[in-house]
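**Student:** Quick note on our numbering: the sequence shown kicks off at 1 and runs consecutively.
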Amino acid sequence: MTNPKNKGSILVICSHSDDQVIGAGGAMAKYANEGFDIHTIILSFGESVKPYVRREIITKTRVKEAQRADKIIGGKGVTFLGLKEMHFEQDLKNRGLDKNFKKIIRELKPVKIFTHSSDDVHPDHRATFKIVLRMYKEMKLRADFYTFEVWHLLNIKKRNKPKLVVDTSATFKTKMKALKAFKSQIDLSTFYNYLVLNNFLFFLINIKDLFNGIKHNTKYAEVFYKVR
Ligand SMILES: [Zn+2]
Numbered sequence: 001m002t003n004p005k006n007k008g009s010i011l012v013i014c015s016h017s018d019d020q021v022i023g024a025g026g027a028m029a030k031y032a033n034e035g036f037d038i039h040t041i042i043l044s045f046g047e048s049v050k051p052y053v054r055r056e057i058i059t060k061t062r063v064k065e066a067q068r069a070d071k072i073i074g075g076k077g078v079t080f081l082g083l084k085e086m087h088f089e090q091d092l093k094n095r096g097l098d099k100n101f102k103k104i105i106r107e108l109k110p111v112k113i114f115t116h117s118s119d120d121v122h123p124d125h126r127a128t129f130k131i132v133l134r135m136y137k138e139m140k141l142r143a144d145f146y147t148f149e150v151w152h153l154l155n156i157k158k159r160n161k162p163k164l165v166v167d168t169s170a171t172f173k174t175k176m177k178a179l180k181a182f183k184s185q186i187d188l189s190t191f192y193n194y195l196v197l198n199n200f201l202f203f204l205i206n207i208k209d210l211f212n213g214i215k216h217n218t219k220y221a222e223v224f225y226k227v228r
């Protein structure tokens, strides 16, 4: 029997607790099956905390959800930096977390790094890209550096950049299952919103991965762009 272990580690760095699954969940599950160690670093504790719920409660829930999703996908763990949303770079500096962040990356020795795209519509996502690119340069990393899209349905601008197409037909279901781990918003006042927004989100992801699949002759696919 062949041991598929020790293929190296893959690092996914994102802004909020579910971005990695939306953007790269299918590929992460596939790489995990192939024997890569998948690690995720999440810069904040989640998308805009609701004012009427205590912050610690939300944080705990988000961490649990992300860990549950990570298990489903076959990841090796999730690290939260807990940076302030919309102020990532500033907060990183103020709290002197740059060193810690770099130490985590150095210890993981990733062969591939995935993060947000530089032209994602969400400012936190763009900030994350900038931070990762800066670290990549400062640390003189050699890993393949790819970006994924979260809030993009189609990407016309990047057609000329080198692409990595990952056939996620076999792991698409796992991705959707992992996404369902993120359901902290369920309460009476937002239950309707939860249903509508989440079903719409699932629909969008379905369409996006399906469309990418059709374009590349597979059932489902995730497409990444190579930065370095
Ligand atoms: Zn996000």
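Even glycine gets a Cβ: it sits at the ideal position worked out from N, Cα and C.
Any chance you could list the residues with Cβ under 5 angstroms from a heavy atom of ligand 1, keeping chain order?
**Tutor:** Matched residues: S15, H16, D19.
**Student:** For A127, which three-state DSSP category applies?
**Tutor:** By 1-based counting over the sequence shown, the position of residue 127 is 127. Helix.
**Student:** Can you check the segment 28 to 73 for any beta strand (DSSP E) of at least 3 residues that lies completely inside it and give the ranges in chain order?
**Tutor:** Counting only runs of 3 or more, we get 37 to 42.
**Student:** Is it right to say V121 is buried, meaning 16 or more other beta carbons lie within 10 angstroms of its own, or is it exposed?
**Tutor:** Within the sequence shown, the letter at position 121 stands for residue 121. That one is exposed.
**Student:** Let me make sure I understand the geometry here. Which of F114, K102, K180 has the alpha-carbon closest to that of V166?
**Tutor:** By one-based count along the sequence shown, residue 166 stands at place 166. Checked all of F114, K102, K180; the closest Cα to V166 is F114.
**Student:** Would you decide whether G75 is buried or exposed? Buried here means 16 or more other CB atoms lie within 10 Å of its CB.
**Tutor:** Position 75 of the sequence shown, counting from 1, holds the residue named residue 75. Buried, because 16 or more other Cβ atoms sit within 10 Å of the Cβ of G75.
**Student:** Could you say which of L204, D70, R54, V132 lies nearest to V227 if we only look at CA atoms?
**Tutor:** If you number the sequence shown from 1, residue 227 lands on position 227. Ranking L204, D70, R54, V132 by Cα distance to V227 puts V132 first.
**Student:** Given F182, which residues of its chain have a CB within under 6 angstroms of its CB, disregarding the five upstream and five downstream residues?
**Tutor:** In the sequence shown, counting from the first residue as 1, residue 182 sits at position 182. So the list reads D18, E65, once near-sequence residues are dropped.
**Student:** Ligand 2 heavy atoms versus the CB of K173: any closer than 8 angstroms?
**Tutor:** The model on display carries ligand 1 but not ligand 2.
**Student:** Along the chain, where does the beta strand (DSSP E) that runs through T115 open and close?
**Tutor:** The count along the sequence shown starts at 1 and reaches residue 115 at position 115. Unbroken beta strand (DSSP E) run through T115: 110 to 116.
**Student:** Is T168 near G26, with beta carbons less than 9 angstroms apart?
**Tutor:** Numbered from 1 along the sequence shown, position 168 holds the residue referred to as residue 168. Numbered from 1 along the sequence shown, position 26 holds the residue referred to as residue 26. Against a cut-off of 9 angstroms, the Cβ pair of G26 and T168 comes out as a contact.
**Student:** Under the three-state reduction of DSSP, which class applies to A143: helix, strand or coil?
**Tutor:** Within the sequence shown, numbered from 1, the residue matching residue 143 stands at position 143. Correct three-state label for A143: coil.
**Student:** My understanding is that G46 touches R62, with C-beta atoms under 8 angstroms, so please give their C-beta distance in whole angstroms.
**Tutor:** Position 46 of the sequence shown, counting from 1, holds the residue named residue 46. Position 62 of the sequence shown, counting from 1, holds the residue named residue 62. Correct: roughly 4 angstroms between the Cβ atoms.
**Student:** Can you look up A178 in the DSSP assignment and give me helix, strand or coil?
**Tutor:** If you number the sequence shown from 1, residue 178 lands on position 178. Helix, per DSSP.
**Student:** For D119 and R126, I'd like the C-alpha separation in whole angstroms.
**Tutor:** For the purposes of this step, residue 119 is identified with residue 119 of the sequence shown, where counting begins at 1. For the purposes of this step, residue 126 is identified with residue 126 of the sequence shown, where counting begins at 1. Distance between the alpha carbons of D119 and R126: 6 angstroms.
**Student:** Going by C-alpha to C-alpha distance, which of K163, E149, L108, W151 sits closest to R142?
**Tutor:** Walking along the sequence shown from the start, residue 142 turns up at place 142. The option with the nearest alpha carbon to R142 is L108.
**Student:** Apply the 10 Å Cβ neighbour rule to K60 and answer buried if 16 or more other Cβ atoms are within range, or exposed otherwise.
**Tutor:** Counted from its first residue, the sequence shown places residue 60 at position 60. With fewer than 16 other Cβ atoms within 10 Å, it is exposed.
**Student:** What are the start and end residues of the beta strand (DSSP E) that includes K226?
**Tutor:** Along the sequence shown, read from residue 1 onward, the residue named residue 226 stands at position 226. Note, K226: beta strand (DSSP E), 221 to 226.
**Student:** Mapping DSSP to helix, strand and coil, what is D167?
**Tutor:** Taking the sequence shown and counting its residues from 1, one reaches residue 167 at position 167. The answer is strand: DSSP assigns D167 an E or B state.
**Student:** Tell me V121's beta-bridge partners as DSSP assigns them.
**Tutor:** The residue labelled residue 121 in the question sits at position 121 within the sequence shown. Bridge partners of V121: none, in fact.
**Student:** Hey, is I131's beta-carbon within less than 9 angstroms of any beta-carbon in chain D?
**Tutor:** The chain labelled as chain D is not found in the depicted structure, where only one protein chain is given.
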